[in-house]
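In the working numbering, the protein residues as written are 1191 to 1318.
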């Protein structure tokens, strides 16, 4: 009996030590994040326009000219992004096909034993 208690106590001590080590490591990581967030940050320069990768420079010039003409010369463009595209019909048709396949099939016959206690053979289909 004492051997069992020794094994249980050793296991409990190992688990507690591992949990304490994990807690200590997570406390050190959180302390590093807290110090990084509290550190003084240098003054940021004026925001530069964000250019999406792959946007040709002559497109940006055309967009800037159109905005300046429409809204006036005092407007600054800070971001250029392509609008989201609409999903074509084929993916939606696939989803509809998948979800309509998950229906309850009622033509398989009974799947529970009848009151007489005999389990019906559902592999033979409906017997009139």
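Cβ atoms here follow ideal geometry from the backbone N, Cα and C, with glycine treated the same way.
A quick note: this is a predicted structure, and the numbers were derived from the prediction, not measured.
Grouping DSSP H, G and I as helix and E and B as strand, with all else coil, what is residue i?
i            : result
residue 1225 : helix
residue 1266 : coil
residue 1210 : helix
residue 1284 : helix
residue 1196 : helix
residue 1278 : coil
residue 1255 : helix
Work out the CA separation of residue j and residue i for me, nearest whole Å.
i            : j            : result
residue 1284 : residue 1273 : 25 Å
residue 1217 : residue 1253 : 49 Å
residue 1250 : residue 1286 : 41 Å
residue 1247 : residue 1215 : 48 Å
residue 1205 : residue 1213 : 12 Å
residue 1194 : residue 1200 : 10 Å
residue 1289 : residue 1282 : 11 Å
Roughly how far, in whole angstroms, is the beta-carbon of residue i from the beta-carbon of residue j, given that I think they are within contact range, below 8 Å?
i            : j            : result
residue 1270 : residue 1245 : 6 Å
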